[in-house]
Amino acid sequence: MSEVVDRLHEMSFGVTANLHKWHAFVAVTELGNLTRAASLLDLDQSVLSRRINSLERDCNARLFVRNGRGVALSEAGARILPHARQLLRHVIELEQAVGRDPVRPATPRSEEIGLALPLALSVLLLQPLVQHVRRYHPGIRLKVMDETSESAAAVPGQAQPALSVAYRWGGAHAGDRVLARMQPYVVGPRGDALTRQASIPLRALHRRPLALPGVRSGMRMALDRLLRRDGVEVQLPVEAEAAVTLKRLVERHGLHTILPLHVVMAEIRDGRLQAARLDVAEMPCLISLACPDAIASKPAAIHVGNALAGIVEDLAGQGMWQWESAGKP
């Protein structure tokens, strides 16, 4: 008889009893990112995290370690991975032998979902999002609006996006999923003495000429509250809503503005602008994801939302923001 038959009476199937855990382990390994793996497996991220944590308890070892771009295998995880892959390959072969197809599409054949993105975030998020959707969820069609959710909602009769990524200054809206947290930066022209420092206090803006968005913008309202509180007066020779206009005013006319770091990263690398962190804890800039309750449970919304969160997590490794998630392993 074969070795397997000889040992059948000894088998208790401890760590291999739940194949879903090994499925999760291999998915997180392949993608290097818990959120993207949750999207691929059509799971809530907290469920996937619990499966990984349970598997680590079963193995009595830490299988993943966090790095700047997500997660990587630990020494124990790397040793186990080839066996886990072999186990799943055998499961697939067994399913096929009994006439079952173990590979089933997780999303409908065709589903369109609207997505509103601020231009500055679209530059960073859209390309990896499209690549992810085309590879793992080809049935989803993205309809992208290059604007914030607020501006999209302001157009009467216009179809509203299912998902909206937006900047929230000072705090998230009820029901938002917070993806990342950033500090504001004071942006100045090349050679500017003020922004040559690593960080500056709010009082350093006293009587400085600034180019800022209008009074209805979230950033402006949050900043105005702090300026009034601390008795800081600023000059406002010009107001502009678009980040590209604000950057041009700084570069060409010697003004200062306030923006998240990633918005001016390219200009800083080119030596055209400088930026110093504004040292105010009460004015965080959040990247939030909003989704109407009626759409939140749809597979396409779940997959695209999780994919966006995973991309934001990857970009956190570049130091532009702090990734936030309740489902970290």
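Each residue of the sequence shown is one higher than the last, beginning at 43 in the working numbering.
All C-beta atoms in this analysis are idealised placements derived from N, C-alpha and C, irrespective of residue type, glycine included.
Remember, predicted model here, so these are calculated numbers, not experimental data.
Taking C-alpha atoms, which residue in A222, S330, W365 and G347 lies nearest to H174?
-> When each option's Cα is compared against that of H174, the closest is G347.
Going by alpha carbons, who is nearest to A253 out of T287, L269, A235 and T237?
-> Put simply, of T287, L269, A235 and T237 the residue whose alpha carbon is nearest the alpha carbon of A253 is T287.
Under 6 Å Cβ to Cβ from H304, same chain only, skipping five residues before and after it: list those, please.
-> M362
Is the segment 120-139 touching the segment 151-167 in the sense that three or more CB pairs, one from each, lie closer than 8 Å?
-> The answer is no - the segment 120-139 does not touch the segment 151-167, with fewer than three Cβ pairs under 8 Å.
Option in Y178, S206, L166 and R177 with minimal Cα separation from K36 | Nothing about residue 36 can be reported from this structure: the residues present for the chain run from 43 to 371 only.
Kindly indicate the opening and closing residues of the beta strand (DSSP E) around W211.
-> L205 to W211
Can you tell me whether DSSP reads C327 as helix, strand or coil?
-> strand
By Cβ distance, which residues of its chain are closer than 6 Å to L236, with the 5 residues on each side in sequence left out?
-> G230
Are the beta-carbon atoms belonging to V306 and A318 less than 8 Å from one another?
-> no
Residue range of the beta strand (DSSP E) that includes K340 | Per DSSP, K340 belongs to no beta strand (DSSP E) and is neither H nor E.
Considering N109, what are the terminal residues of the beta strand (DSSP E) in which it resides?
-> F106 to N109
Express the C-alpha separation of L83 and A342 in angstroms, rounding to a whole number.
-> 13 Å
If you count every other CB in all the chains shown that lies within 10 Å of the CB of K370, and 16 or more means buried, which is it?
-> Residue placement at K370 is poorly supported in this model, since its pLDDT is 44, which falls under 50; the coordinates still yield a value, given next. Classification of K370: exposed, given that the 10 Å Cβ count is below 16.
Opening and closing residue of the alpha helix (DSSP H) in which M307 lies | Residue range M307 to R311 is occupied by the alpha helix (DSSP H) that includes M307.
Nearest neighbour of E283, chosen from V276, P255 and H298 [CA to CA] | Checked all of V276, P255 and H298; the closest Cα to E283 is P255.
From E192 to C101, what does the alpha carbon distance come to, in whole angstroms?
-> Note on E192: pLDDT 42, under 50, position unreliable in the model; the coordinate value appears next. Taking the Cα positions, E192 is about 48 Å away from C101.
CA-CA distance, G213 and L221?
-> Rounded to the nearest angstrom, the two C-alpha atoms are 12 Å apart.
Are R183 and E154 touching if we call contact CB-CB under 8 Å?
-> yes
Endpoints, alpha helix (DSSP H) assigned at A126 | A126 -> alpha helix (DSSP H) spans E117 to A139.
Can you list, in chain order, the residues of its chain whose CB lies under 7 Å from that of H62, leaving out five sequence neighbours each side?
-> R93
Segment limits, beta strand (DSSP E) that includes L315 | L315 to L320
When you compare only the Cα positions, how much space is there between R262 and A118?
-> 50 Å
What residue does the alpha helix (DSSP H) around P279 start on, and which one ends it?
-> Segment Q277 to E281 is the beta strand (DSSP E) holding P279; no alpha helix (DSSP H) there.
If we ignore side chains and look at the alpha-carbon of each, how far apart do L278 and V89 end up?
-> One C-alpha to the other measures close to 50 Å.
Is it buried or exposed for P302, if we count other Cβ within 10 angstroms and need 16 for buried?
-> buried
Which two residues bound the contiguous alpha helix (DSSP H) that contains P373?
-> Not covered by the structure: residue 373. The range shown for the chain is 43 to 371.
Around the C-beta of V354, are 16 or more other C-beta atoms found within 10 angstroms, so that it is buried, or is it exposed?
-> buried
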